[in-house]
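Enquirer: Chains as they are written, first to last, in our numbering: chain A, 3 to 711; chain B, 3 to 711.
This structure is in structure tokens; I'll ask about it shortly.
Number of protein chains: 2
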Amino acid sequence: MISFVIAISCFSLAFAVYLARQVIAKDTGTAKMQEISNAIKEGAEAFLSRQNRTIISLSAVLALAIFVLYAFVRTPSSADPVPPVELALWTTLAFVLGAACSVVAGYVGMWVSIRANIRTASAVRSSLNDALKIAMRGGAVSGLFVVAMSLLGVGGLYALLESLGHDPQKIPFTMVGYGFGASFVALFAQLGGGIYTKAADVGADLVGKVEAGIPEDDPRNPAVIADLVGDNVGDCAGRGADLFESTAAENIGAMILGVGLFPYFGLKGILFPLVARALGLLASIVGIMIVRTEEDGDAMAALNRGYYVTSLLAVAGFFVTSKWLLAVDVSKYPEAESAWFYFFLCGVVGILMAQAFVYITQYYTEYKYRPVREIAEASKTGAATNIIAGIAVGLECTAIPVLVISVAIITSYYLGLNSGVKHAGLFGTAVATMGMLGTAAYILAMDTFGPITDNAGGIVEMSGQPEEVRRKTDRLDAVGNTTKALTKGYAIGSAALAAFLLFSAYLDEVAHYGHPLEVVNIAKPEVFVGGLLGAMLVFLFSSFAIRAVGKAAFTVINEVRRQFKENPGILLGTVKPDYRRCVDIVTVGALKQMVVPGLLAVTMPVAVGLVFRMFGIGAEAVAAFLMVGTITGILLATFFNNSGGAWDNAKKFIESGQFEGGGKGSDPHKAAVVGDTLGDPFKDTAGPSLHVLIKLLATITLVLAPLFV
Amino acid sequence: MISFVIAISCFSLAFAVYLARQVIAKDTGTAKMQEISNAIKEGAEAFLSRQNRTIISLSAVLALAIFVLYAFVRTPSSADPVPPVELALWTTLAFVLGAACSVVAGYVGMWVSIRANIRTASAVRSSLNDALKIAMRGGAVSGLFVVAMSLLGVGGLYALLESLGHDPQKIPFTMVGYGFGASFVALFAQLGGGIYTKAADVGADLVGKVEAGIPEDDPRNPAVIADLVGDNVGDCAGRGADLFESTAAENIGAMILGVGLFPYFGLKGILFPLVARALGLLASIVGIMIVRTEEDGDAMAALNRGYYVTSLLAVAGFFVTSKWLLAVDVSKYPEAESAWFYFFLCGVVGILMAQAFVYITQYYTEYKYRPVREIAEASKTGAATNIIAGIAVGLECTAIPVLVISVAIITSYYLGLNSGVKHAGLFGTAVATMGMLGTAAYILAMDTFGPITDNAGGIVEMSGQPEEVRRKTDRLDAVGNTTKALTKGYAIGSAALAAFLLFSAYLDEVAHYGHPLEVVNIAKPEVFVGGLLGAMLVFLFSSFAIRAVGKAAFTVINEVRRQFKENPGILLGTVKPDYRRCVDIVTVGALKQMVVPGLLAVTMPVAVGLVFRMFGIGAEAVAAFLMVGTITGILLATFFNNSGGAWDNAKKFIESGQFEGGGKGSDPHKAAVVGDTLGDPFKDTAGPSLHVLIKLLATITLVLAPLFV
């Protein structure tokens with residue numbers, strides 16, 4: 003069974019390589035286009051390699067800390083899966099492996115993305131369909147690599163431990179470090195990338211559009227290349243790491259819950275998450291390959307078609323997997339005869355929830371609907387009312403997702419409870435999470451489609467292509483904006499479910515270490531305070547993330563102003579600005595700013611656990627910290643993501659000319675630009691970083707649980 | 003003992019009347035001043051009477067609903083303090099009494115406030131000290147009335163029930179309706195007042211300052227009177243209702259916890275909260291009376307001096323009360339010999355916490371310190387960066403208050419646990435709340451000082467007084483802004499503590515009804531979902547509150563534009579604008595907008611309780627709803643209050659001329675005005691309404707607890 007999983011992972015990686023070769027073989031356009039594309043490539047690679055260096059140093063320190071804590075500080079427990087020092091070694095190794103796989107997946111995804119952009123730009127000159135396919139397949143490399151690497155890492159580690167003779171029931175506890183490694187890298191990748199992309203964007207816009215009055219993506223703007231680089235490092239590398247973490251952490255968490263049901267399902271229950279994910283990969287490959295469009299067709303419809311096919315295939319795959327792996331021995335458990343069907347339904351709940359999130363996000367962020375129009379309307383009375391309206395929309399848009407999450411959790415929990423398998427309620431919610439994450443590779447492909455088409459648009463614009471070509475890339479770019487927004491909705495929904503699954507796993511783990519934590523009683527003052535501190539971390543972390551963008555953008559603004567002032571030829575178009583200096587400045591700024599919030603996120607749960615351990619209530623206070631932090635994180639991230647998206651599209655709505663209060667350059671448009679700029683760090687820095695934070699809290703507590711009891 | 007409480011309440015009321023007469027006897031200035039003051043008076047009274055009509059209708063419906071639910075829907079319990087129909091009657095009566103007392107206290111406070119404003123304006127022409135005293139004593143009428151009425155209501159109801167032969171140990175459970183009545187009125191008073199004040203303010207500023215380019219408080223602006231009315235109905239009536247509720251709910255909650263310790267303290271433990279509050283009233287009276295200043299003195303220092311004296315006297319009063327009422331019978335409980343001293347220390351914790359909140363609020367909202375300066379600095383690059391910086395400050399400023407609340411809860415809990423009295427941990431936190439609320443009357447006097455001086459400034463400005471007089475009122479006005487900000491910090495701190503106390507009382511009450519809810523286990527999916535929904539309510543409610551301001555402001559803007567357009571003489575100063583129409587429009591708009599969020603806040607906890615009762619877990623899910631809702635509410639309210647205050651003062655800092663990037667009218671100033679306008683609904687509508695919401699959730703669950711079990 004495990005070899006089946008590994009085989010499919012390898013097949014998916016091979017397929018990704020095949021797609022990458024296909025993309026790379028395409029035409030790379032004119033010399034002018036190549037010049038721009040090379041500048042983006044250079045900037046993105048420079049940032050990623052510097053960021054990875056920082057991440058690797060931090061990971062090395064943390065790996066050492068984990069080893070020391072596990073080997074020497076922790077009181078050994080008779081429940082340890084292996085002797086203390088060996089456990090320390092495995093946990094550390096798993097951490098390092100998780101971190102390394104995440105770094106590699108992110109790097110490969112971006113490697114292709116910064117090569118697919120120019121090929122998309124070149125193809126769009128002759129065929130929209132070709133361009134769409136290149137962008138989607140380029141994105142698919144990232145999607146497949148991320149999910150397959152995550153699966154291969156977990157599956158490979160499992161196979162390795164099994165071959166070394168470890169007890170399969172204890173292996174998942176030995177592997178928790180893998181998820182933490184993935185989260186740790188994801189946090190910094192998303193934070194660093196998110197700060198980079200928005201600092202460059204805000205900086206470029208404020209001096210370029212507002213002060214100098216030149217259009218977006220104008221080659222005279224010294225920060226324009228940094229802005230294009232940002233799309234890659236934020237949306238592609240950042241979100242890739244985010245979903246890498248989701249799938250990795252979810253796999254391990256679900257395996258831990260599977261251990262609890264060993265009497266029913268045996269080994270199959272533990273491996274079920276991996277097999278389900280493997281079939282999801284195959285479903286995504288099919289979906290990716292059928293994406294195509296007519297020359298005058300609707301590119302969004304083409305992507306949606308692929309998504310529906312993927313979802314349907316995922317449902318079918320889930321049916322097969324459930325029937326195969328979750329059928330119990332009827333002679334022993336006659337009451338659980340149709341349990342597999344109940345769990346299949348849990349998976350369907352997850353897949354439906356993914357669909358629901360996609361719709362809700364569209365409602366709140368597309369200008370066809372009431373919320374964005376309300377913001378555009380409020381722009382008539384100025385920037386202040388535009389922002390008031392946006393904040394109101396952002397706060398409001400948390401309501402329906404919360405209801406959906408609530409219904410999904412309760413439904414899958416009761417399906418699990420009534421499956422006939424005892425104590426399988428939480429396993430039911432875990433299966434829903436697997437269902438939701440089944441389409442992750444496809445979703446991620448759509449997401450990476452965003453920066454590729456965005457970059458293609460920039461290349462077309464800067465290389466002075468004819469108007470007609472620009473219109474086509476604009477259409478692709480608009481689709482890319484929508485898919486990026488959808489992915490964020492999906493990511494937060496899956497983070498919510500994954501987090502719930504992970505803290506169920508945390509409780510199981512604490513129990514495994516002989517301190518059954520059957521309740522997390524928030525009526526106890528210490529536990530209540532733990533929850534209060536968890537919510538506070540989410541606010542404080544968001545504050546740091548948003549401030550980081552402001553600070554880094556400030557340095558960009560000053561640099562652009564300096565270049566304009568010292569060299570008036572730049573604005574006249576006679577002298578080429580110094581793009582590289584802007585890229586360097588944003589790189590240094592973003593990496594500097596990501597460290598403090600990152601360390602806060604890692605150290606605060608540890609501090610809470612250790613302080614409250616002194617009151618003899620460490621594990622319980624940490625559980626409340628985690629749960630209330632998760633709840634607050636879900637809400638605040640939804641607020642940030644959707645309000646940011648809504649501001650962006652309110653501006654686009656006004657620009658589209660369909661708004662009766664004025665078009666581009668009018669007063670309402672100026673007001674809407676202010677909202678859009680505010681929305682940038684909301685939707686691309688704070689929001690996405692919170693997804694990662696939620697899961698990081700879960701994995702860090704999972705790894706350090708043995709320290710708090 | 004209870005007659006001692008009632009006597010002090012009556013004395014305080016009488017003293018308030020004495021102060022009111024003293025204020026009323028002062029000179030009322032010139033005819034021009036009177037004309038303006040009369041317009042404000044008329045507008046404020048018209049709003050309040052219409053608002054009260056709405057509130058009374060809603061309360062009548064709710065009173066009926068409570069009666070029906072208690073008498074006919076609820077399953078009678080053997081633990082009922084009195085037979086079902088009688089219990090229904092008492093609960094309904096208590097609700098009506100609580101609502102009525104709150105309405106009366108709010109009305110009287112505002113009655114004096116709208117009369118003190120002109121007298122302050124008149125006095126400032128001859129003496130700053132006189133003006134300060136009039137404003138402070140006018141404010142004190144409100145402060146004393148609110149606290150004394152709340153105490154008299156609770157004390158009187160207790161005395162009545164006792165005289166009818168009810169068992170003193172059961173009386174507190176019969177009285178829970180009183181707190182709910184107070185909360186219900188407070189919610190609408192704060193929402194309606196908050197929407198009114200900011201809709202008028204935002205509307206007046208956007209058309210007046212931004213579009214027409216006329217200064218603030220200019221008589222040519224048709225919305226200027228509505229703006230001045232708003233200060234009274236929002237800051238005075240709204241905040242009065244808020245603290246009325248805090249003290250009433252806290253008194254009853256603490257009495258319920260006192261019942262649990264009956265074996266130790268007997269009746270004294272139940273009445274302790276009332277006596278402690280009564281002595282706090284006396285301390286506040288002394289503090290109020292010593293406020294005075296030199297002609298060129300610092301008015302803020304004078305108010306601070308009064309506050310320190312009040313705090314010190316409150317500590318002394320607490321010492322006496324603790325020793326008197328919480329001394330146990332040493333022959334029976336030798337281990338609890340010094341319990342009273344532990345509880346005295348709990349009270350000191352509360353008083354210190356109040357001080358800490360006052361300092362923290364100053365740090366985050368005064369322009370002497372880093373946060374406000376950071377926002378001013380960010381204004382250099384435009385409105386967007388100004389707002390990004392403000393949001394970052396707002397999110398950050400939640401951290402230290404949370405730490406302070408955490409330390410206060412844990413410290414007072416452990417003091418209670420170690421007092422020698424068994425299970426007295428939660429009682430310890432209750433005593434800390436009493437300590438914090440001990441100075442409520444003084445704090446509220448300082449708060450009402452705000453709208454009085456603000457109005458005085460408006461009257462002086464509009465009646466064309468000489469520059470020197472204006473400078474004096476500006477100084478008082480600036481002090482008023484600070485005191486308003488401090489009160490909000492204090493209110494949220496006390497709401498946090500009071501809420502914790504109230505849900506302890508809720509757990510006691512559920513236990514009293516024979517379904518001991520010893521744990522609120524947030525690891526159960528249903529309970530987790532309850533918490534998630536609680537947090538969601540806070541976001542959704544804030545959304546409605548903020549949107550309400552936007553909508554109501556929009557109607558004001560349109561009206562002002564219409565007047566300017568139809569009558570060009572208004573802007574030339576030759577024709578008087580139609581103030582009354584603006585006042586009417588805001589009144590209607592605010593009252594219309596307050597209904598939906600108000601009903602949402604009332605119905606959602608009931609719905610959660612009834613839905614989850616079907617899963618057999620109603621009381622526990624509601625408890626999580628309440629707790630996580632409270633946590634989220636504390637954070638979001640702090641975010642709203644302080645970011646709003648910081649934006650306001652960043653603008654003032656730029657106007658002050660101390661900012662090196664430009665003064666009034668410069669680009670940074672324009673950017674700062676956008677932030678200030680956004681901050682208006684944050685700090686004066688959403689934030690304060692959330693304080694009330696938190697407590698409403700607590701009292702509503704307390705009243706309806708018998709329905710959920």
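Ideal Cβ placement from N, Cα and C applies to all residues, glycine included.
Since this is a predicted model, take the numbers as computed values, not measurements.
Ignoring anything shorter than 3 residues, give me the beta strand (DSSP E) runs that lie fully in the region 464 to 489 of chain A, in order along the chain.
Expert: Those beta strand (DSSP E) runs which fall completely within the region 464 to 489 of chain A and span 3+ residues do not exist here.
Enquirer: Using the Cβ count rule (16 or more neighbours within 10 Å means buried), how would you classify Asn651/A?
Expert: Along the first sequence, read from residue 1 onward, the residue named residue 651/A stands at position 649. By the neighbour-count rule (16 or more Cβ atoms within 10 Å), Asn651/A is buried.
Enquirer: Within 8 Å (strictly less), CB to CB, does Pro683/A reach chain B?
Expert: Here residue 683/A is taken as the residue at index 681 of the first sequence, counted from 1. It does: the Cβ of Pro683/A has a partner Cβ on chain B nearer than 8 Å.
Enquirer: Using C-beta distances below 8 Å, list every residue in its chain close to Glu379/A, excluding the 5 sequence neighbours before and after it, in chain order.
Expert: Looking up residue 379/A in the first sequence gives position 377. Excluding residues within five positions, the ones whose Cβ falls inside 8 Å are Ala391 and Gly663.
Enquirer: Output yes if chain A places a C-beta closer than 8 Å to the C-beta of Ser545/B; else output no.
Expert: Position 543 of the second sequence, counted from the first residue, corresponds to residue 545/B. Yes, its Cβ sits closer than 8 Å to a Cβ of chain A.
Enquirer: Under 7 Å Cβ-Cβ, which residues of chain A neighbour Tyr415/B?
Expert: Within the second sequence, the letter at position 413 stands for residue 415/B. The contacting residues are Pro527.
Enquirer: Kindly confirm or deny that the region 255 to 270 of chain B and the region 170 to 182 of chain B touch, where touching means at least three C-beta pairs closer than 8 Å.
Expert: Contact between the region 255 to 270 of chain B and the region 170 to 182 of chain B is present, because at least three Cβ pairs lie under 8 Å.
Enquirer: Looking at the unbroken alpha helix (DSSP H) that takes in Ile8/A, where does it start and where does it end?
Expert: Counting from one through the first sequence, the residue named residue 8/A turns up at place 6. Segment Ile4 to Ile26, the alpha helix (DSSP H) holding Ile8/A.
Enquirer: Using a Cβ-Cβ cut-off of 7 Å (strictly less than) and excluding sequence neighbours within five positions of Ala688/B, which residues of its own chain qualify?
Expert: For this step, residue 688/B is matched to residue 686 along the second sequence. So the qualifying residues of the chain are Ser544, Ala547, Ile548 and Phe642.
Enquirer: Tell whether a beta-carbon distance below 8 Å holds between Ala648/A and His693/A.
Expert: As a working note, residue 648/A is residue 646 in the first sequence. As a working note, residue 693/A is residue 691 in the first sequence. Their beta carbons are not under 8 Å apart, which means Ala648/A does not touch His693/A by this criterion.
Enquirer: Expressed to the nearest angstrom, what Euclidean distance is found between the alpha-carbon atoms of Asp479/B and Val630/B?
Expert: As a working note, residue 479/B is residue 477 in the second sequence. As a working note, residue 630/B is residue 628 in the second sequence. Whole-angstrom Cα-Cα distance: 37 Å.
Enquirer: In this structure, does DSSP put Asn420/B in helix, strand or coil?
Expert: Within the second sequence, residue 420/B is the residue found at index 418, counting from 1. It is coil, neither helix nor strand.
Enquirer: With a cut-off of 8 Å, does the C-beta of Ala434/A fall near any C-beta of chain B?
Expert: In the first sequence, counting from the first residue as 1, residue 434/A sits at position 432. No, because no Cβ of chain B sits closer than 8 Å to the Cβ of Ala434/A.
Enquirer: Step through the CB atoms of chain A and report whether any lies within less than 8 Å of the CB of Met538/B.
Expert: Taking the first residue of the second sequence as 1, we reach residue 538/B at position 536. Chain A, which has a Cβ nearer than 8 Å to the Cβ of Met538/B, makes this yes.
Enquirer: Residues in the region 659 to 686 of chain A with C-beta within 7 Å of chain B's C-beta atoms, listed in sequence order?
Expert: Within the region 659 to 686 of chain A, the residues whose Cβ lies closer than 7 Å to some Cβ of chain B are Val676, Thr679, Leu680 and Pro683, listed in chain order.
Enquirer: Between Phe182/A, Ala555/A and Val19/A, which lies nearest to Ser104/A when the distance is taken from Cα to Cα?
Expert: To locate residue 104/A, count along the first sequence from 1; it is residue 102. Ranking the options by Cα distance to Ser104/A, first place goes to Phe182/A.
Enquirer: In chain order, what residues of the same chain have a beta carbon less than 6 Å from the beta carbon of Gly195/B, not counting five sequence neighbours either side?
Expert: Against the second sequence, residue 195/B aligns to sequence position 193. Val235, Gly236, Ala239 and Gly240, listed in sequence order.
Enquirer: Is Asn651/A close to chain B? Criterion is C-beta to C-beta, closer than 8 Å.
Expert: Here the question's residue 651/A lines up with position 649 in the first sequence. With 8 Å as the cut-off, Asn651/A does not count as an interface residue toward chain B.
Enquirer: Should Asn483/A go down as buried or exposed, given a rule of 16 or more other Cβ atoms within 10 Å for buried?
Expert: Here residue 483/A corresponds to residue number 481 of the first sequence, with the count starting at 1. Looking at its Cβ environment, which holds 16 or more other Cβ atoms inside 10 Å, Asn483/A is buried.
Enquirer: Taking just the CA atoms, how far does Asn306/A sit from Val288/A?
Expert: Translated into positions along the first sequence, residue 288/A becomes position 286. Translated into positions along the first sequence, residue 306/A becomes position 304. Approximately 13 Å between the Cα atoms of the pair.
Enquirer: Select from the region 195 to 209 of chain A all residues with a C-beta closer than 7 Å to any C-beta belonging to chain B, and list them in chain order.
Expert: Within the region 195 to 209 of chain A, the qualifying residues are Leu208.
Enquirer: Can you tell me whether DSSP reads Asn560/A as helix, strand or coil?
Expert: The residue labelled residue 560/A in the question sits at position 558 within the first sequence. It is helical.
Enquirer: Closer than 8 Å, Cβ to any Cβ of chain B: which residues of the region 623 to 652 of chain A, in chain order?
Expert: Correct list: Ala625, Ala626, Met629, Val630, Ile633, Thr634, Ile636, Leu637 and Phe641.
Enquirer: When you compare only the Cα positions, how much space is there between Ala500/A and Gly140/A?
Expert: Mapped onto the first sequence, residue 500/A falls at position 498. Mapped onto the first sequence, residue 140/A falls at position 138. About 27 Å.
Enquirer: Mind listing, in chain order, the continuous beta strand (DSSP E) runs of no fewer than 3 residues lying wholly within the region 381 to 409 of chain A?
Expert: Segments of the beta strand (DSSP E) lying fully in the region 381 to 409 of chain A: there are none.
Enquirer: Compare the beta carbon distance of Leu153/A and Ala280/A with 8 Å and say whether it is the shorter of the two.
Expert: By one-based count along the first sequence, residue 153/A stands at place 151. By one-based count along the first sequence, residue 280/A stands at place 278. Yes, these two residues count as a Cβ contact at 8 Å.
Enquirer: Is the distance from the Cβ of Ile136/A to the Cβ of Val7/A below 8 Å?
Expert: Counting from one through the first sequence, the residue named residue 136/A turns up at place 134. Counting from one through the first sequence, the residue named residue 7/A turns up at place 5. Contact: no.
Enquirer: So Ala133/A packs on Val126/A, CB below 8 Å; how close in whole Å?
Expert: Sequence index remark: in the first sequence, residue 133/A carries index 131 (1-based). Sequence index remark: in the first sequence, residue 126/A carries index 124 (1-based). With 8 Å as the limit, Ala133/A and Val126/A qualify as a contact, their Cβ atoms being about 4 Å apart.
Enquirer: Beta carbons nearer than 7 Å to chain A: which residues of the region 346 to 362 of chain B have them?
Expert: Under the 7 Å Cβ criterion, the region 346 to 362 of chain B contributes no residue.
Enquirer: Name, please, each residue of chain B whose Cβ falls closer than 7 Å to the Cβ of Ser408/A.
Expert: Here residue 408/A refers to the residue found at position 406 of the first sequence. Chain B residues near Ser408/A: Val531, Leu534 and Leu535.
Enquirer: Closer than 8 Å, CB to CB, is Phe69/B near chain A or not?
Expert: Translated into positions along the second sequence, residue 69/B becomes position 67. Judged by the 8 Å Cβ criterion, Phe69/B is not in contact with chain A.
Enquirer: Does DSSP classify Asn306/B as helix, strand or coil?
Expert: Position 304 of the second sequence, counted from the first residue, corresponds to residue 306/B. Of the three classes helix, strand and coil, the one that applies to Asn306/B here is helix, per DSSP.
Enquirer: Name the chain A residues whose beta carbon is nearer than 7 Å to that of Asn523/B?
Expert: Your numbering for residue 523/B matches position 521 in the second sequence. Ordered by position in chain A, the residues that pass the 7 Å Cβ test against Asn523/B are Val521, Val522 and Asn523.
Enquirer: Leaving out the 5 sequence neighbours to the left and right, which residues in its chain are closer than 6 Å to Gly210/B when beta-carbon positions are compared?
Expert: Start at 1 with the first residue of the second sequence, and residue 210/B comes out as number 208. Excluding residues within five positions, the ones whose Cβ falls inside 6 Å are Ile216 and Asn223.
Enquirer: Is the beta carbon of Leu574/A closer than 8 Å to that of Phe566/A?
Expert: Taking the first sequence and counting its residues from 1, the one referred to as residue 566/A is at position 564. Taking the first sequence and counting its residues from 1, the one referred to as residue 574/A is at position 572. Against a cut-off of 8 Å, the Cβ pair of Leu574/A and Phe566/A comes out as no contact.
Enquirer: Whose Cβ in chain A lies nearer than 7 Å to the Cβ of Leu692/B?
Expert: Translated into the one-based positions of the second sequence, residue 692/B becomes position 690. The premise fails here: Leu692/B is roughly 11 Å from chain A at the closest Cβ pair, so nothing lies under 7 Å.
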